[in-house]
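Notes to accompany the following structure.
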Amino acid sequence: MSDLILYTNPMSRGRIARWALEEVGARYEVRVMNYADSMKGDDYLSINPMGKVPALQHNGSVITECAAICAYLGDAFPDAGLAPAAADRADYYRWLFFAAGPVEAAVTNKNAGFIPSDEQGRMFGYGSYDQAIDVLEAAVAKHDYIAGDAFTMADVYVGSQVIWGTQFGTIPQRDAFKAYADRLTSRDAYKRAGELDDALMETNQLA
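Here the sequence shown is numbered in the numbering used here, starting from 8 and rising by one per residue.
Here it is, written out as structure tokens:
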């Protein structure tokens, strides 16, 4: 058994974890989980009781949630240079978890047709969808990458939100988002990850 196992489905957020793994250059095993059966089976629920992918198993420990997987891999494979030094992590953590929290909630709620009133917005971490998107736009426009001038694991997660969101219409097409997405999608690791997941989709292994 490999000491690094990715449980995923190519039609899921598992693509984020795959990209992160390709960025660090680690060798890993892939186990494809199907929505209709194995993802809800007892064996996988013992790994992730939520019955969702991705999950990462590394040396016997389990990491779930894409933002956590990205941050974990940045620390677990320091030679890849994808996590800033501890003293330089303010923006790294700030925008990684902003995307995982307020942006994710704002986008999914809007996509589900739930628009909080002004009063409700005071209780929601994202305030309003428009506010969350405006803040995200300003963040990606400030530097070439979300935490400064160098690509980090935060860009894998934040970038995935921007790339998918603008592609599927859950995040508006804006110049700053397009420029940021273009920088990220030109990366070799991003291309490799996409090719591997696209190949899985063509094998007819998925339920």
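All residues carry an ideal CB built from backbone N, CA and C; glycine is no exception. If you're wondering where the values come from, they're calculated on a predicted model, not measured in any experiment.
Cβ neighbours of residue i in the same chain (closer than 6 Å, five flanking residues each side left out)
i: residue 139; result: 109, 110, 113, 133
i: residue 77; result: 27, 160, 163, 164
i: residue 22; result: 204
i: residue 47; result: 58
i: residue 200; result: 25, 26, 29
i: residue 135; result: 128
Residue i, enclosing alpha helix (DSSP H) - first and last residue
i: residue 68; result: It is not in any alpha helix (DSSP H) - residue 68 instead sits in the beta strand (DSSP E) that spans 68 to 71.
i: residue 99; result: 97 to 105
i: residue 27; result: 21 to 31
Neighbourhood of residue i by C-beta, 7 Å cutoff - its chain only, sequence neighbours within 5 removed
i: residue 207; result: 17, 39
i: residue 87; result: 30, 31, 32
i: residue 156; result: 150
i: residue 216; result: A question about residue 216 goes unanswered here, because the residues of the chain that appear run from 8 up to 214.
i: residue 147; result: 153, 169, 183, 184, 187
i: residue 172; result: 114, 178
Check whether residue i and residue j have beta carbons under 8 Å apart
i: residue 106; j: residue 174; result: no
i: residue 35; j: residue 9; result: yes
i: residue 69; j: residue 54; result: yes
i: residue 102; j: residue 153; result: yes
i: residue 203; j: residue 25; result: yes
i: residue 92; j: residue 65; result: no
i: residue 79; j: residue 51; result: no
i: residue 104; j: residue 74; result: yes
Segment limits, beta strand (DSSP E) that includes residue i
i: residue 39; result: 36 to 39
i: residue 89; result: Here residue 89 belongs to no beta strand (DSSP E), and DSSP marks it neither H nor E.
i: residue 14; result: 11 to 15
Neighbourhood of residue i by C-beta, 8 Å cutoff - its chain only, sequence neighbours within 5 removed
i: residue 49; result: none
i: residue 176; result: none
3-residue-minimum beta strand (DSSP E) runs that sit fully inside the region 110 to 156, ordered along the chain: none
Beta strand (DSSP E) segments (min. 3 residues) lying fully within the region 47 to 87: 62 to 65, 68 to 71
The region 119 to 133 / the region 193 to 202 touching (three or more Cβ pairs under 8 Å): no
Segments of 3+ residues assigned as beta strand (DSSP E) that fall wholly inside the region 158 to 207: none
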